[in-house]
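Top to bottom, those sequences are chains A and B. Counted the way my numbering counts, the first sequence spans residues 1327 to 2242. Counted the way my numbering counts, the second sequence spans residues 95 to 380. The beta carbon of each residue, even a glycine, is placed where N, CA and C say it ideally should be.
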Amino acid sequence: MKKQIELTVNNSPESIEVAPRTRLLDAIRIKLGLTGTKEGCGTGDCGSCTVLLDGKPVNSCMILAMQAEKREITTIEGLGSPTELHPIQQAMIRSGGIQCGFCTPGMVLSLKALIDRDPHPDEESIRVAISSNLCRCTGYSKIIDAAKFLSSSETTSMATSSEDWSVGARMTRNDGVEKVTGRAIYAEDIQLPHIIYGALLRSPYAHAEILSIDTTEAEQITGVKAIVTGRDVDMGFYGYELRDHRIFALEKVRYIGEPIAAVGATTVDIAREAASKIKVEYAELPAVFDSEEAITSNAPLVHNDANAYEIDWDTERKGNLCYKLIIEEGNIEQGFGESDLIIEGSYKTPEAHPGSIEPHCSTAKVEPDGRVTIWTTTQKPFVFRSYLAQALQRSINSFRIVPTQIGGGFGGKLFPSVEPYVVLLAEQSGLPVQMTLTREEEMSCTLLRHPSSVKIKTGVMKDGTLVAHQVRMLFNTGAYGLYGPNTAALASMMATGPYRIPNVEITGLVTYSNNVPCGSVRGPGAVQLAFALETHLDKIARSLEIDTLDFRLKNAWETGDITCTGQTLDSVSIKECLQKAADALEWKKPRLPGVGKGLACNWWASGPWGTQTQIQTNEDGTFRLITGCVDMGTGGLNSSILQLAAEGLGVPIDSIQLVRGDTDSLPWDHGHGGSRMTFTIGRSAYEAAEHLQKQLLQEAAEHLEAAIEDMVLEDGSVFVRGDKANAVLISTLCYNRHKKHGGPMVGVSSLLEDFPTTTKKHPIGAFPGASYCAHAVELKVDEETGEIDILRYAAAHDVGKAINPTGCEGQIEGGVAMGLGLAMMEELREIEGKVMNPNFADYLLLTAEDMPPTESILVEQPATEGPFGVKGVGEPPIAPPTGAVANALGDAIDINVKRLPLTPEEVSSLIREQKS
Amino acid sequence: MSNDFEFTQPIDICEALKCLNETGRITPIAGGTNILVNMKRAPIETDLIIDLTRLEKLKNISEENGMFRIGAGVSFADLLNWHPGGAVEGLVRPMCAAFAGPLIRNLATIGGNICDASAAADASPVLLALDANVELVSTTNGSRTLPLSEFFKGVRKTAREDNELLTYVTFGKPAEGERCFYYKLGKRKADAISIVSIAILAKLNEGKIEKVHIALGAVAPIAMRALQTEAMLIGKVLNTSSIQEAATLVVKEACPIDDFRATAKYRLNMIEVLVKKGLNEILSKA
């Protein structure tokens, strides 16, 4: 029975009506409207719902509201206001401890509780205090810095002040205040009058024919407002370069969790119950899960005719083979013939999850004109619009997408997840609809990182010179291709790593299976291949008894080298990265027993896809920066893009407002992903700023009746060189211009997709703004239990030019954390298509206690394309940690690692295998 | 909705016991950190939830006549801040530090951890090594005390009658000079569910083993004592050969399963390794 309860929230007495099963979290978010408290899992595993209960930090998802009666609750809203931030909130902003911001409220409250009981905590206490609060973005280092900053005068990597905004300065992010105070609006914080909630009916079978669907019983449940199945919709196929996916299973289901029907109802519980009452008759079909088995000729067919799907690239498809490519250079057989030694190895990586703490969530509303507005958490609002148009066979103009703050993306928010369903339910019910995936759905039904099986055969000379390299890569894309071909194409470019090898044969295969489909997760293809290749290189070095650093340096690319796809490289820095990472860990110093050091490298592209940036004047001399790109949390848009715009214009950064809009109002952009933010949007913003500055100077020249060449822009005004006394204010120029012409001056830059040329036919072929990195790790291994203790870590990254060094380090540290997770604990395990660990209790992300002390080393070898020579740094740091850890293990105890993750059991069994 | 239930919040033990006598399906809740996880995954099958968090009397730890008495409502965070010294502290504190994370430690209670009766529950091996008893009270049977080893009956099954309230965990203060060892093996450093956990309490007299308790978690349907291994060790000199003998024997006593966290084979290997590690550490402290 519902009951009125009294409790104190943020020092003010509240009285709310709650049901017995209402959680404290729901009471706070829904009854009290305090949406700074977030739900990431609902099972006490992530900490994003942290509140203080009588001063102690707890998970508000683990408490029934009635249990909290007469108790004191503090939420993030009770801590500090934008004008009066709590010292911890200030420190978090200044340290760069905030990225996507979804974990931030919980993190801040856990730190507050710590500081309240121990004003001068040591680093270990800080790590322990936040070990329940998972952060997927930062790698915790800068959050720990924030807490240290509070208790000491330590100022390492702190932004000096928000006034210093020049290129190269450590700038605080533009959206820090709203995130650290819990005011930032994420997808699930969108609330509309008369809103209803959606749920999906998903397939319990990995492979089955759908014989019938009966929704009669579900329709009769009170509160149900809409039910949609694949039979009610004119569905189209969508995807990236391959379009093989529809939003509902129609004739058959191809994986466990595939959507069959969507229900909208007045509450989530009713929607779920109704979904469970939809009767579906299935006829189970033989299924295939293993990738090697899937490509045999007698395997059950996941798609009856894979060739029927549109694909933009030439390829061979048959049976379950979804995509195939081959790269050849030199003569592989001759190369092996000339080699002194041939080393072979097989390497496997498991399925992995992007692991954003924020689950997928969208809200749709049909507007009076019949168009649909969709508030959603997406990395690519414009590309989403076209996916939706393809999937629902509509015009792109049918949708207006309003991007909310994104609680972590990592590639997991590149494809529609719940968007098509909320659209359909809103249209059928006439009501606004919101759908949020549960953590379980998130982990078992959303797009994953492709598992891989890589076989490498390498010919090498006794002196360590690489001669021949044959690689066969097999990716299991699950039930749908979506991003499978692209993953293989990218991986094929990683197969030689940043090393010179004259004779190469690389085969990439992508197979369908009845597993959960895979998508594009941070560094697609790079993670899998960097692990395989870098581990393999150490195996070779150990066989040759050559130091692994020397071996890499001997074969590493230099400027002017040509890749196996025929790209001539113009700004290569891999040797510098290697040397710096190795030096940071005193590479040649002898190791203690059980201790090993490992190295791994990577190279990667800076995404070049098209965009347009506009900068407009306001009549008071301030500016509006307009881009259709969103910031998935990295801070690129909210710091370095603004820095570049301010630099290009020559005006203070706080005079530039980043415009928030939607796909109706903003110019088209490809979206946030592919390490493109600062490289592409940054370049575009800088060019737009220069374009606008010219107009300002022209306006000033007319005003001052002098030549434009003699104009100097400085301190908010323009003057004739040498005559600052008669300067004209920028605000005056803008006011005059608006008055005279009734409109703003507009600086514009449109960039088209731009890839360097290559000599070979390959779907990608070349990496624009190619970046290089090398990581070094020192670890200790317990040879009996197999437990690994990472002692310290160094990551050297060529970022071309660090526009905001704090932001670059944030990407590196976050990537290292994610990469170390993949190295040691992350694995989504399916048994016959069923995900066995769909939660954060068993799909483990690194905690603050696991994150080693990490040195981020910024190398600046300018690229030819980006602004100031910028190279992307979003994805690169995730690839080397797996290989580095594997190699450090090999160094410590002379074992050859073959697969990930290196759990205590895996390490222990490798040791036992080697001993016997 | 089919999963509607009632909620009641007794403020003393007497009232709580009355609530436990209500008809229908009853679920007592303390920290809630297991029950709310289950509720999130599927509708809970209950008619009444009895919230035990207001039973202030059960939030105390006392020591009387060499016996420690821990209220069932004591949280893991409170236990972590408890400093009884000696082998008790040597076992309880590292276990609490390894228990979930700081947020859950502020909610989860010792009584709840025991009553949930997971084979991987962190508190169980430590309490078994300390030869703990549990006190149960009901309006029908009054008060009874039974050894924790008899409380665990099977996978998530206990000897608690539906109308009984677990009120206290008690154990004697180990004698001066008793040594201990605790180890939890998990997949990460914080907030991990144990693959294997072990607690050892031992007393040596002139090199000979006078007393030894070896308790294991996550290697059998319930947390268990390795009684045969203990019996074999009693009276022996603790040295490399007896340690090896114990490590070999303990493997025969456990019956772990394969699950997502580890295979049974690895768990068996690890109890061998950890018994050796633990007894060696106890020997080295001599």
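Helix, strand or coil for A:Thr1482 per DSSP? Residue numbering aside, residue 1482 of chain A sits at position 156 when the first sequence is read from its first letter. Any reading at A:Thr1482 needs caution, since the residue's pLDDT is 47, under 50, leaving its predicted position unreliable; the model's value is listed next. Residue state, collapsed to three classes: coil.
Got a sec: is the Cβ-Cβ distance from B:Tyr360 to anything in chain A below 8 Å? Along the second sequence, read from residue 1 onward, the residue named residue 360 of chain B stands at position 266. It does; some Cβ of chain A falls within 8 Å.
Members of the stretch 328-358 of chain B that neighbour chain A once the beta carbon cut-off is set at 8 Å: Within the stretch 328-358 of chain B, Phe354, Arg355, Ala356, Thr357 place their CB atoms closer than 8 Å to a CB of chain A, listed in sequence order.
Run down chain A in chain order and give the residues with a C-beta less than 7 Å from the C-beta of B:Thr147. Counting from one through the second sequence, the residue named residue 147 of chain B turns up at place 53. Those are Gln1393, listed as they occur along chain A.
Buried or exposed, going by whether 16 or more other CB atoms sit within 10 Å of the CB of A:Leu1396? Taking the first residue of the first sequence as 1, we reach residue 1396 of chain A at position 70. Before going on, a small fix: residue 1396 of chain A reads as Lys here, not Leu. A:Lys1396 comes out exposed.
Measuring CA to CA, which of B:Val367, B:Met364, B:Lys330, B:Lys278 is closest to B:Ala215? Here residue 215 of chain B corresponds to residue number 121 of the second sequence, with the count starting at 1. Closest by alpha carbon: B:Lys278.
Determine which residues of the stretch 283-299 of chain B have a Cβ less than 8 Å from any Cβ of chain A, and write them out in chain order. Listed by position along the chain: Lys283, Ala284, Asp285, Ala286, Ile287, Ile289.
Partners in chain B for A:Thr2229, counting only beta-carbon separations shorter than 7 Å: By 1-based counting over the first sequence, the position of residue 2229 of chain A is 903. Within chain B, the residues placing a beta-carbon under 7 Å from that of A:Thr2229 are Lys281, ordered along the chain.
With respect to the beta strand (DSSP E) encompassing A:Thr1400, which residues constitute its N-terminal and C-terminal limits? Within the first sequence, numbered from 1, the residue matching residue 1400 of chain A stands at position 74. In the DSSP assignment, A:Thr1400 falls within the unbroken beta strand (DSSP E) covering 1398-1400.
To the nearest angstrom, how far is the alpha carbon of B:Arg250 from that of B:Asn128? Counting from one through the second sequence, the residue named residue 250 of chain B turns up at place 156. Counting from one through the second sequence, the residue named residue 128 of chain B turns up at place 34. Distance between B:Arg250 and B:Asn128, taken at the CA atoms: about 12 Å.
Throw me the rounded Cβ distance for the A:Asn2213 and A:Asp1864 pair, which I believe falls under 8 Å. Looking up residue 2213 of chain A in the first sequence gives position 887. Looking up residue 1864 of chain A in the first sequence gives position 538. Indeed, because the Cβ distance is near 4 Å, the residues count as touching under 8 Å.
Does DSSP classify A:Ile1521 as helix, strand or coil? Taking the first sequence and counting its residues from 1, the one referred to as residue 1521 of chain A is at position 195. The answer is coil: DSSP assigns A:Ile1521 none of H, G, I, E or B.
Going by the CB atoms, is the gap between A:Tyr1531 and A:Tyr1608 shorter than 8 Å? Along the first sequence, read from residue 1 onward, the residue named residue 1608 of chain A stands at position 282. Along the first sequence, read from residue 1 onward, the residue named residue 1531 of chain A stands at position 205. With contacts defined as CB atoms closer than 8 Å, A:Tyr1608 and A:Tyr1531 qualify as a contacting pair.
If you drop the 5 nearest sequence neighbours on each side, which residues of the same chain put their C-beta closer than 7 Å to that of A:Leu2077? As a working note, residue 2077 of chain A is residue 751 in the first sequence. Answer for A:Leu2077: Gly1936, Thr1937, Thr2006, Arg2009, Ser2010, listed in chain order.
Output the boundary residues of the beta strand (DSSP E) element that contains A:Leu1925. For the purposes of this step, residue 1925 of chain A is identified with residue 599 of the first sequence, where counting begins at 1. Per DSSP, A:Leu1925 is one residue of the beta strand (DSSP E) stretching across 1921-1930.
For A:Ser1441, the nearest candidate out of A:Gln1854, A:Gln2137, A:Lys1382, A:Gln1942 (CA to CA): In the first sequence, counting from the first residue as 1, residue 1441 of chain A sits at position 115. One detail in the question is off: residue 1441 of chain A reads as Ile in this sequence, not Ser. Distance from the Cα of A:Ile1441 is smallest, within the candidate group A:Gln1854, A:Gln2137, A:Lys1382, A:Gln1942, for A:Lys1382.
Quick check: A:Thr1703 and A:Lys1691, are their CB atoms within less than 8 Å of each other? In the first sequence, counting from the first residue as 1, residue 1703 of chain A sits at position 377. In the first sequence, counting from the first residue as 1, residue 1691 of chain A sits at position 365. The beta carbons of A:Thr1703 and A:Lys1691 sit no closer together than 8 Å.
Exposed or buried, what is B:Ala325 when buried is set at 16 or more other beta-carbons lying within 10 Å of its beta-carbon? On the second sequence, position 231 is the one that residue 325 of chain B refers to. With fewer than 16 Cβ atoms within 10 Å of its Cβ, B:Ala325 is classed as exposed.
When the Cα of A:Ser1386 is compared with those of A:Lys1364, A:Glu1403, A:Ala1552, which residue comes out closest? Residue mapping note: residue 1386 of chain A aligns to position 60 of the first sequence, counting from 1. Taking only the C-alpha atoms, the option nearest A:Ser1386 is A:Lys1364.
Between the stretch 1532-1545 of chain A and the stretch 1580-1595 of chain A, are three or more C-beta pairs nearer than 8 Å? Result yes; three or more Cβ-Cβ pairs closer than 8 Å.
B:Ile144: contacting residues in chain A (beta-carbon distance under 9 Å): Reading the second sequence from its first residue, position 50 is the one you call residue 144 of chain B. Simply none; closest approach about 11 Å.
Are any of the Cβ atoms in chain A nearer than 8 Å to that of B:Ile376? Sequence index remark: in the second sequence, residue 376 of chain B carries index 282 (1-based). No, no contact with chain A.
With a threshold of 7 Å on Cβ separation, who are the neighbours of A:Glu2239 within its own chain once the five nearest residues in sequence on each side are excluded? Stepping through the first sequence from its first residue, residue 2239 of chain A is reached at position 913. Correct list: empty, nothing qualifies.
Is it true that the CB of A:Thr1837 sits closer than 8 Å to the CB of A:Ile1621? Against the first sequence, residue 1621 of chain A aligns to sequence position 295. Against the first sequence, residue 1837 of chain A aligns to sequence position 511. Yes, the Cβ-Cβ distance between A:Ile1621 and A:Thr1837 is below 8 Å.
CB of A:Ala2218 within 8 Å of CB of A:Val2103, strictly: As a first step, residue 2218 of chain A must be located in the first sequence, where it is residue number 892. As a first step, residue 2103 of chain A must be located in the first sequence, where it is residue number 777. Going by C-beta atoms, A:Ala2218 is not nearer than 8 Å to A:Val2103.
Burial state of A:Gly2068 (16 or more Cβ within 10 Å): Counting from one through the first sequence, the residue named residue 2068 of chain A turns up at place 742. In summary, A:Gly2068 is exposed, with fewer than 16 beta-carbon neighbours lying within 10 Å of its beta-carbon over all protein chains present.
Could you list which residues in chain A have their beta carbon closer than 7 Å to that of B:Met318, in chain order? Counting from 1 along the second sequence, the entry for residue 318 of chain B is found at position 224. Under the 7 Å cutoff, chain A gives no residues; its nearest Cβ is about 20 Å from B:Met318.
Give the single residue among A:Pro2178, A:Ile1888, A:His1996, A:Thr1943 whose Cα lies nearest to the Cα of A:Arg2082. Against the first sequence, residue 2082 of chain A aligns to sequence position 756. It is Pro, not Arg, that sits at residue 2082 of chain A in the sequence shown. Residue A:Ile1888 is the option with its Cα nearest to A:Pro2082.
Limits of the beta strand (DSSP E) - the one that B:Ala346 falls within: Residue 346 of chain B sits at position 252 when you count from the first residue of the second sequence. Correcting the residue type first, residue 346 of chain B is Lys in the shown sequence and not Ala. In the DSSP assignment, B:Lys346 falls outside any beta strand (DSSP E) and lies within the alpha helix (DSSP H) extending over 334-347.
Give the residues from the stretch 1370-1394 of chain A that approach chain B closer than 8 Å (Cβ to any Cβ), ordered along the chain. Taking 8 Å as the Cβ-Cβ cut-off, the stretch 1370-1394 of chain A approaches chain B at Gly1370, Asp1371, Gly1373, Thr1376, Leu1379, Lys1382, Pro1383, Val1384, Asn1385, Cys1387, Met1388, Ile1389, Leu1390, Met1392, Gln1393, given in chain order.
Rounded C-beta distance between A:Thr2180 and A:Glu2139? I'm assuming under 8 Å. The residue given as residue 2180 of chain A occupies position 854 in the first sequence. The residue given as residue 2139 of chain A occupies position 813 in the first sequence. Contact holds; Cβ gap of about 6 Å.
Using DSSP's beta-bridge definition, name the partner residues of A:Val2185. Here residue 2185 of chain A is taken as the residue at index 859 of the first sequence, counted from 1. Partner(s): A:Asp2124.
Using the DSSP secondary-structure output, state which residues sit across from B:Glu276 in a beta bridge. For the purposes of this step, residue 276 of chain B is taken as residue 182 along the second sequence, with counting starting at 1. According to the sequence shown, residue 276 of chain B is Tyr rather than Glu. B:Ala293.
is_contact[A:Gly2145, chain B] using C-beta, thresh 8 Å: For the purposes of this step, residue 2145 of chain A is taken as the residue at position 819 of the first sequence. It does not: the Cβ of A:Gly2145 has no partner Cβ on chain B nearer than 8 Å.
Between the stretch 2160-2171 of chain A and chain B, which residues of the former have CB atoms less than 8 Å from a CB of the latter, in chain order? Within the stretch 2160-2171 of chain A, the residues whose Cβ lies closer than 8 Å to some Cβ of chain B are Met2162, Asn2163, Ala2167, Asp2168, Leu2170, listed in chain order.
Should the stretch 144-161 of chain B be regarded as contacting the stretch 293-303 of chain B, the criterion being three or more beta carbon pairs within less than 8 Å? These segments do not touch.
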